[in-house]
Amino acid sequence: MRQAQTFDFLFKNVEKQFESYQGINVKLRWVLLSSFAPKSTEIPASYFIRVSISRRMADVTKERDIWVHSFRMPPDSNNSIKMEVGIEDCLHIEFEYNKSKYHLKDVIVGKIYFLLVRIKIKHIELSIIRRETTGSPPNQYNESETITKFEIMDGAPVRGETIPIRLFLGGFDLTPTFRDVNKKFSTRYYLNLVLIDEENRRYFKQQVGVDFLACFKPS
Numbered sequence: 239m240r241q242a243q244t245f246d247f248l249f250k251n252v253e254k255q256f257e258s259y260q261g262i263n264v265k266l267r268w269v270l271l272s273s274f275a276p277k278s279t280e281i282p283a284s285y286f287i288r289v290s291i292s293r294r295m296a297d298v299t300k301e302r303d304i305w306v307h308s309f310r311m312p313p314d315s316n317n318s319i320k321m322e323v324g325i326e327d328c329l330h331i332e333f334e335y336n337k338s339k340y341h342l343k344d345v346i347v348g349k350i351y352f353l354l355v356r357i358k359i360k361h362i363e364l365s366i367i368r369r370e371t372t373g374s375p376p377n378q379y380n381e382s383e384t385i386t387k388f389e390i391m392d393g394a395p396v397r398g399e400t401i402p403i404r405l406f407l408g409g410f411d412l413t414p415t416f417r418d419v420n421k422k423f424s425t426r427y428y429l430n431l432v433l434i435d436e437e438n439r440r441y442f443k444q445q446v447g448v449d450f451l452a453c454f455k456p457s
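Sequential numbering from 239 applies to the sequence shown in the working numbering.
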C-alpha cells in the first residue's frame, strides 16, 4: 500500500456488554485497534478490534477509543423521594425530590418545607456527590467527589416557608449509575442537602441516593 486508502468494515451483532466509563480509579475502554503486521492476526476476544494488513516492514499499530453507551427506555416506575429530618425543638424540615431516577440531561425538581425554625439559617446548599467503589471486601475502596454545589437559598427562612429546588443536569459531567460491573466496581450518585447557620455550622448533611440513566428521550 503506497497511498492512503479507505476500507469499509462492519462488525455485525458484536455485543458490547459494558458501557464505557472513566472515573477516579477505574477506566473501562472500548478500542478500535488497527494493526499493520507482516502476517494476519486473529480478532481477540477482548475489548480490542484488530485489523491486519500484510507489510514487509515493522508492525504499525493505531488505537481509537469508541465510547459506548447502553441506552434504555425510561423506567415505568419512578417514585418521588420524601423525607423529614430535624433537631428536637430547634429545626424541622420536610424535603421532596420529584423523582428517584433521572436521565443525564434531566432537571431535578423539588422543594424544602420548613415546619420549625429556631436556628438562624444563612443559606442552603444542594450538592451532587459521585461515589466510586472498587474491589470487594475486605479490599474495597471508596472515592467520593462533588460534581456540583448549588445554593438554593440565601437568607433566613421562617416557619411555613417553602423553598423550590430546580437543578439542570445537562451542564455537568455525569455518567449513568453503575452497580457491581463485572464484580469490579460501582458508581452511585447522591443528593446532599446542607444547611449553614450564621456561625457557619452545618446541619443535615443528608445524602439521598438517586439513579442517573442514559435513556431514550420520550418524543
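Here a beta-carbon is modelled for each residue, glycine too, at the ideal position from N, C-alpha and C.
**OP:** Determine the DSSP secondary structure at residue 266, reduced to helix, strand or coil.
**Re:** strand
**OP:** Just the C-alpha distance for residue 406 and residue 241, rounded to the nearest angstrom, thanks.
**Re:** 49 Å
Subject >> Residue environment, residue 441, which counts as buried when at least 16 other CB atoms sit within 10 Å >> reply: Residue 441 comes out buried.
Original post:
How many Å lie between residue 400 and residue 308 at the Cα?
Top reply: So the two alpha carbons sit approximately 38 Å from each other.
Original post:
Less than 9 Å separating the beta-carbons of residue 343 and residue 332?
Top reply: no
**OP:** Give the single residue among 354, 357 and 336 whose Cα lies nearest to the Cα of residue 348.
**Re:** 336
Subject >> N-terminal and C-terminal residue of the beta strand (DSSP E) that residue 345 is part of >> reply: Per DSSP, residue 345 belongs to the beta strand (DSSP E) from 345-355.
Subject >> Own chain, CB closer than 8 Å to residue 435, minus 5 neighbours either side, in chain order >> reply: 357, 358, 359, 360 and 441
**OP:** Please say whether residue 266 and residue 419 have beta carbons closer to each other than 9 Å?
**Re:** yes
**OP:** Going by DSSP, name the residue or residues bridged to residue 373.
**Re:** 378
**OP:** Assign residue 416 to one of three DSSP states: helix, strand, or coil.
**Re:** Correct three-state label for residue 416: strand.
Original post:
Which class does residue 393 belong to by DSSP, given the choice of helix, strand or coil?
Top reply: Coil at residue 393, not helix or strand.
**OP:** May I ask you to report which of helix, strand or coil DSSP gives residue 243?
**Re:** coil
Original post:
For residue 409, which three-state DSSP category applies?
Top reply: coil
Original post:
Over what stretch of residues does the beta strand (DSSP E) that includes residue 323 continue unbroken?
Top reply: 319-325
Subject >> Three-way DSSP call (helix, strand, coil) for residue 451 in this model >> reply: strand
Subject >> residue 258 in three-state terms, based on DSSP >> reply: coil
**OP:** Can you tell me which of the three DSSP states residue 330 falls into?
**Re:** strand
Original post:
Can you give the beta carbon distance from residue 428 to residue 367, rounded, assuming they're within the 8 Å contact cut?
Top reply: 4 Å
Original post:
For residue 395, which option in 438, 350, 414 and 369 has the closest C-alpha, if you only look at C-alpha atoms?
Top reply: 350
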